[in-house]
Amino acid sequence: MMPLLQVRDLAIRIGAAEPVDNVSFDVSPAEMLGIVGESGSGKSLTLRALLKLLPAQAQVRGTALWQGQDLVSLPEAEIRKIRGRQIAMIYQEPMTALDPVLPIGLQITESLKVHLGLRGAAARARAVDLLDRVGIPSAKRRLDNYPHEFSGGMRQRAMIAISLAAEPQLLLADEPTTALDVTIQDQILALLQQLKDELHMSVILVTHDLGIVAGTCDRVAVMYAGRIQESGPVTTVFRSPAHAYTLGLMRSVPDGKHARQALSFIPGSPPDPGAMPPGCRFAPRCGHATAACGEQAPTLRPFGADHLTACLHADTLAPA
Amino acid sequence: MSSAAQEAVPVLAAPARRTFKVPKTTLLGAAILLLFFACAAFPDQIAPYAPNKFDYRALLKPPSAAHWFGTDNFGRDMLSRTIWAARIDLQIAVFCTLFPAIFGTFAGCIVGYVGGLVDGVFRRIVDVAITIPFLVLVIAIVAVLGPGLINMYIAVSAVNWIIYARLIRGEIISQKRRDYAAAGKVMGYGPARILFRHLLPNAISPIVVYWMTDMALAILLGSSLGYLGLGAQPPTSEWGVLIGDARNFMTTAWWMSIFPGIAIVLAGTGFSLVGDGLAKLVRRR
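Taken in sequence, the protein lines are chains A and B. Residue numbers in the first sequence follow our numbering, run continuously in steps of one, and reach 320 at the last position. Residue numbers in the second sequence follow our numbering, run continuously in steps of one, and reach 285 at the last position.
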């Protein structure tokens, strides 16, 4: 199947630092791709680079092929037509991402007007429909509420409704549930999955929570220090991780089997983006590292069907 | 069923809209302004005499039942003149601030949103403009253009917009860093839509509050210029002009200057109290 979005060798340079380097991935239609990594691994930067939302001093290289156009080299006026219309984005702070002085309904109809040219009663009816769809009860009455009258979860729902107004083919979700309670998190993720299926929309879900990826995504890309270390179908990657970093991450998630035992963790901290180690960027913290790991930067190589890894010792890693 | 259980029911009801209790001082201010606006709108029905009618049988009369505020050196009724002057002074309050508020807000929005070189140039203009005392600058411009109300409006407008622009610029700069501004960009909205539809409504409240205060300042300025003979010209009734006319009779006919003076103070107080109330309302949100 022809991928919807094809990202190749994406690199972001800010001053002397290169927080994102050599990132490549595909997103297929109606697929939910999880990008997982620690804070500072460059996952949010990657998302923002796709819509050219980075500050001017960030230099972006590489290509991101979207319907025959390269998003990276597209001029601002052209990318604006894609933003919100074809590729929408929701993010961490549903508390502040809504305009505080406009009613929710107006913010939805605004998107409908700008992107679809829908106005008046038709736009209002569609707005009710959208709020209904994202699971806001008595949507018609809620249309005239202001964001401060909504709870956090409701605001994220409203945010999703606004993003969906123009029926985008791709939704970029940047830690959409981090600021929410666990129960609400679950509802929002279920909602995203349901919308993905109903609207045949692709989603890139950026998160630092492995559990979220395991529960909702079709494919996963594990990022560390600005590079994708491993990618593949969620079931494959979680059943047989082929990168020492993925393995370390999974071991640091508490589970029932090892209840009441000390939780294992990855020693050390991620490298400074201005002074990345040569070779494998995870090598300094890796228990499996050998001399070869520190010499040459490993590239992603196939490891089984549809499974890529950048780890030299993928074969010798014990299955989790 | 206990009363506590009955009281618990409203918690489940829809979130109540915030209500705002208007402070008494604001009501007082509004009442004062209402009085002056009534005077300005219907002076011919409220004033007992025509404002410029001479009466040589009643020159420089102190306040009495016939002339509550006394009469001036031409026998004109001071109450009627003070009432008619409300029309001119409120006109000053509006016309001296309307253009600055609108243009200044617009300019400040652009400057704050665009930033960079545009902002740099604007800040130099502000630096220069606020170095020169406001009144001196206005008097200098009026001196060049010639005295009169229209020229006074032009002079004040030419200087005053900078204050509004500076006020909204800071607000816009702080608002444009907020998440909802970024969200607008993500939604593919153009800069004009983000600026005027989303940032401006969020940033406008200090402008509204300052506008009220500025109307009080404009009345003070207008009457100062009227007093100096640079604003409204006699025989037009304007509080500053009235006080200017009374200059020579300060010791013999105190009523000629005191009542227009009280009117100025009252009008200024009215605008300030309403401005305060607005500021409180805005801060609550």
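Even for Gly, the Cβ is constructed at its ideal location relative to N, Cα and C. Fair warning: this is a prediction, and the values are worked out from it, not measured in the lab.
Just to confirm before moving on: does the CB-CB distance between residue i and residue j stay below 9 Å?
i, j, result
"Q92(A)", "A158(A)", "no"
"L242(B)", "R87(B)", "no"
"I298(A)", "C280(A)", "Note that residue 298(A) corresponds to Pro in the displayed sequence, not to Ile. Yes, the Cβ-Cβ distance between P298(A) and C280(A) is below 9 Å."
"V213(A)", "V7(A)", "no"
"D72(B)", "D245(B)", "yes"
"G108(B)", "R166(B)", "yes"
"C217(A)", "L50(A)", "no"
"V342(A)", "S44(A)", "What the structure shows of chain A is the stretch from 1 to 320, and residue 342(A) is not part of that stretch, so it cannot be assessed."
"A289(A)", "A242(A)", "no"
"G75(B)", "L90(B)", "no"
"S224(B)", "L149(B)", "no"
"I104(A)", "R126(A)", "no"
So residue i is in the alpha helix (DSSP H); what residue range does that whole segment cover?
i, result
"E230(A)", "Element bounds for E230(A): not the alpha helix (DSSP H) but the beta strand (DSSP E), R227 to P233."
"A80(B)", "Per the sequence presented here, residue 80(B) reads as Ser, with Ala not at that position. Its alpha helix (DSSP H) spans residues M78 to V114."
"M152(B)", "L149 to Q175"
"L171(A)", "Note, L171(A): premise wrong, no alpha helix (DSSP H); beta strand (DSSP E) at L170 to D174."
"L220(B)", "S205 to L228"
"D129(A)", "G120 to R133"
"A30(B)", "K24 to A41"
"V114(A)", "I104 to L116"
"M276(A)", "Taken as a continuous stretch (DSSP letters only), M276(A) belongs to no alpha helix (DSSP H), as it is neither H nor E."
"Y180(B)", "D179 to V186"
"R83(A)", "Looking at the DSSP string, R83(A) is not in any alpha helix (DSSP H), and its letter there is neither H nor E."
Alpha carbon to alpha carbon, how far is residue i from residue j?
i, j, result
"P321(A)", "P201(B)", "Residue numbering for chain A in the displayed model covers 1 to 320; residue 321(A) lies beyond these limits and cannot be assessed."
"A56(A)", "G116(B)", "13 Å"
"L28(B)", "V208(B)", "19 Å"
"K185(B)", "S174(B)", "16 Å"
"A161(A)", "L130(A)", "6 Å"
"Y210(B)", "I163(B)", "10 Å"
"I130(B)", "G104(B)", "15 Å"
"Q67(A)", "V203(A)", "16 Å"
"G294(A)", "G190(B)", "47 Å"
"G270(B)", "Y180(B)", "37 Å"
"T96(A)", "E171(B)", "17 Å"
"Q156(A)", "S111(A)", "16 Å"
"L312(A)", "D306(A)", "18 Å"
"R247(B)", "G240(B)", "11 Å"
"A58(A)", "G226(A)", "14 Å"
"T236(A)", "L300(A)", "16 Å"
"A190(A)", "R124(B)", "55 Å"
What's the call for residue i, buried or exposed, on a 16-neighbour Cβ count within 10 Å?
i, result
"Y146(A)", "buried"
"F42(B)", "exposed"
"V9(B)", "Residue placement at V9(B) cannot be trusted, given a pLDDT of 40 that sits under 50; what the coordinates show is reported in the next sentence. Classification for V9(B): exposed."
"R169(B)", "buried"
"Y56(B)", "exposed"
"K53(B)", "exposed"
"N160(B)", "buried"
"R283(B)", "exposed"
"F265(A)", "exposed"
"A262(A)", "exposed"
"R239(A)", "exposed"
"A78(A)", "With the sequence shown as reference, residue 78(A) is identified as Glu, and Ala is not the correct amino acid for it. E78(A) should be labelled exposed."
"L34(B)", "exposed"
"D9(A)", "exposed"
"H258(A)", "exposed"
"T251(B)", "exposed"
"D214(B)", "buried"
"S39(A)", "exposed"
For the beta strand (DSSP E) holding residue i, just list the boundary residues, first then last.
i, result
"E18(A)", "A17 to V27"
"G62(A)", "A58 to W66"
"Q6(A)", "L5 to I14"
"L146(B)", "In the sequence as displayed, the identity of residue 146(B) is Gly instead of Leu. Here G146(B) belongs to no beta strand (DSSP E), and DSSP marks it neither H nor E."
"G294(A)", "Taken as a continuous stretch (DSSP letters only), G294(A) belongs to no beta strand (DSSP E), as it is neither H nor E."
"S202(A)", "S202 to T207"
"L33(A)", "M32 to V36"
"Y91(A)", "I87 to Y91"
"R197(B)", "Premise fails: R197(B) is in no beta strand (DSSP E) and is neither H nor E."
"R219(A)", "R219 to Y224"
Kindly say whether residue i, judged by its beta-carbon, lies nearer than 9 Å to any beta-carbon of chain E.
i, result
"A279(B)", "Chain labels in this structure do not include chain E; the protein chains are A and B."
- Query: Is there contact between the stretch 78-90 of chain A and the stretch 162-169 of chain A, where contact requires at least three CB pairs shorter than 8 Å?
  - Reply: Under the three-pair Cβ rule at 8 Å, the stretch 78-90 of chain A counts as touching the stretch 162-169 of chain A.
- Taking contact to mean at least 3 C-beta pairs separated by less than 8 Å, is the stretch 131-142 of chain A in contact with the stretch 11-21 of chain A? Short answer: they don't touch.
- Task: Count the CB pairs spanning the stretch 99-119 of chain A and the stretch 208-220 of chain B that are closer than 8 Å, and state whether there are at least three.
- Result: No contact exists between the stretch 99-119 of chain A and the stretch 208-220 of chain B.
- Three CB pairs or more closer than 8 Å across the stretch 233-250 of chain A and the stretch 64-81 of chain A: Taking a contact to require three or more Cβ pairs closer than 8 Å, the stretch 233-250 of chain A and the stretch 64-81 of chain A do not qualify as touching.
- Query: Between the stretch 249-261 of chain B and the stretch 60-69 of chain B, do at least 3 Cβ pairs fall closer than 8 Å?
  - Reply: They touch, by the three-pair rule.
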